[in-house]
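Contents: one structure, followed by commentary.
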Amino acid sequence: MKSNPAKWSKKELLGHLIDSAANNHHRFVRARYEDVPTIFYDQNKWNELSHYNEMDPKQLIQFWVNYNKHLAFLMSFLSEDDLKRECKTANEQVYSLEFFCTDYVTHLEHHLHQLVDYD
């Protein structure tokens with residue numbers, strides 16, 4: 010149950026990190042073979058339609074852990090040339106895979122701190 014309807018619950022916050030992983034997974038793969046793919050998502054719609062609040066917490070955590078292990082494995086294969094490849098976001102801004110890798114980890118850490126300090 011959510012304490013505040015305007016805020017994501019802990020499950021929804023972890024679900025948001027799964028959605029972020031899924032979209033970055035697309036970036037880390039597609040940017041290596043497509044010419045500047047446009048990859049973005051509506052984070053609120055993804056969260057709403059994924060029904061994270063109804064998931065078993067252990068299953069949700071394990072899903073997040075496994076997805077991040079896979080992304081870390083995948084990132085270990087990115088070459089210097091791969092890191093220079095680019096993706097476009099919803100606002101048509103273009104960023105390198107190096108930026109997306111760094112941003113992914115920063116975003117992850119930000120939300121993990123929120124989960125730990127969640128009120």
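If you read the sequence shown in the working numbering, its first letter stands for residue 10, the second for the next number, and so on.
A virtual CB, placed ideally from N, CA and C, is assigned to each residue, including glycine.
On a predicted model such as this, the values are computed, not experimentally measured, just so you know.
A direct Cα-to-Cα measurement between F86 and S18 gives close to 34 Å. Annotation for S105: no alpha helix (DSSP H) segment contains it, though the beta strand (DSSP E) segment containing it runs 103–105. For T47, the beta-bridge partners assigned by DSSP are K97.
The beta carbon of D91 is closer than 7 Å to those of R41, L106 in its chain, skipping five residues each way along the sequence. Between the stretch 117–124 and the stretch 92–106 there are fewer than three inter-stretch CB-CB distances shorter than 8 Å, so the stretches are not counted as touching.
With the rule of 3 Cβ pairs closer than 8 Å, the stretch 70–86 does not count as touching the stretch 47–59.
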